[in-house]
Amino acid sequence: MIMGGIVGIISQADIVPRLVESMGGIPYHAKDSCGIATLSSSTIDVRKDIGSLQEAAQQRGFNLAEGCLGIGHIGKLVEGSRVSRKNAQPHLSCDGKFAVVNDGVISNSQRLRANLETTGRHFFFSESSAEVFAHLMEEAYWVSHSGEEAFAQALQQIEGHCAIAVISNCESPRIFCAHTKKPLLIGTAAQTTFVSS
4 MIMGGIVGII SQADIVPRLV ESMGGIPYHA KDSCGIATLS SSTIDVRKDI GSLQEAAQQR
64 GFNLAEGCLG IGHIGKLVEG SRVSRKNAQP HLSCDGKFAV VNDGVISNSQ RLRANLETTG
124 RHFFFSESSA EVFAHLMEEA YWVSHSGEEA FAQALQQIEG HCAIAVISNC ESPRIFCAHT
184 KKPLLIGTAA QTTFVSS
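For what it's worth, this note's numbering labels the leading residue of the sequence shown as 4, then goes sequentially.
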């Protein structure tokens, strides 16, 4: 489980400075991991690390990322046996088509992970339930060839209290987001849409 907050921004201009600024405004006391995923020229760029936002941003070059679409996560990392960069969010699907951030708990993630591993098509880099969601989307996309349909199918499989945001490089730029028993805010201003938990 990772307790923290997620943000997402889509605009016609580069969103990275605003994405990082928004992450800094999330009111959590323990912020020991953070990361961003941006979409530029159909490539998803994931940059993440442990430590404070300033430390991770400097170490991983958040300011070197670019894109008009992105998601981010900041918070306390408690999934897995220890705090590590591999467990920090965002997480990618195996095929690199989906990047996911999650604020909360997917309570049935271990069972879902075991089911995905039996297919022989998925390998996991972390102990995070957010990564499980990325693989659920990848699995559903193989059948539907629709990001929206894959997101809906993945949501139907999860249990728990969470707010999720996903970006994909396989369709027109958009952020898929949903929440169950966790607040998720969506706002617009000056040709820009924001989402935050």
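Using N, Cα and C, we set each Cβ at its ideal position, and we do this for glycine too.
Where residue i falls: helix, strand or coil (DSSP)
| i | result |
| --- | --- |
| V146 | helix |
| A193 | coil |
| K185 | coil |
| F154 | helix |
| N105 | strand |
| A91 | coil |
| V198 | strand |
| S171 | strand |
| F136 | helix |
| C165 | strand |
Short Cβ contact (8 Å threshold) for residue i with residue j
| i | j | result |
| --- | --- | --- |
| C71 | I9 | no |
| S25 | S132 | no |
| G73 | G11 | yes |
| G107 | G163 | yes |
| K100 | S44 | no |
| M140 | A117 | no |
| L42 | P186 | no |
| F65 | I29 | no |
| G27 | L56 | yes |
| C37 | A59 | yes |
| L115 | G75 | no |
| S129 | K89 | yes |
| G150 | C173 | yes |
| S14 | Q194 | yes |
Anticipated Cβ contact below 8 Å, residue i with residue j, distance rounded
| i | j | result |
| --- | --- | --- |
| L119 | H148 | L119 to H148, Cβ: 19 Å. No contact. |
| Y204 | A153 | Outside the displayed span of the chain (4 to 200) sits residue 204, for which this structure offers no information. |
| V86 | A168 | Contact doesn't hold; Cβ gap of about 22 Å is too wide. |
| I161 | F126 | In fact, because the Cβ distance is near 20 Å, the residues do not count as touching under 8 Å. |
| C165 | I109 | 6 Å |
Beta carbon proximity, residue i to chain D, threshold 8 Å
| i | result |
| --- | --- |
| L115 | Note that chain D does not occur in the displayed structure, where there is just one protein chain. |
Is it a yes or a no for the region 95–111 touching the region 43–56, going by three-plus beta-carbon pairs under 8 Å? yes
Please give me, in chain order, every unbroken run of the alpha helix (DSSP H) with length at least 4 that falls completely inside the region 5–78. 19–27, 56–63
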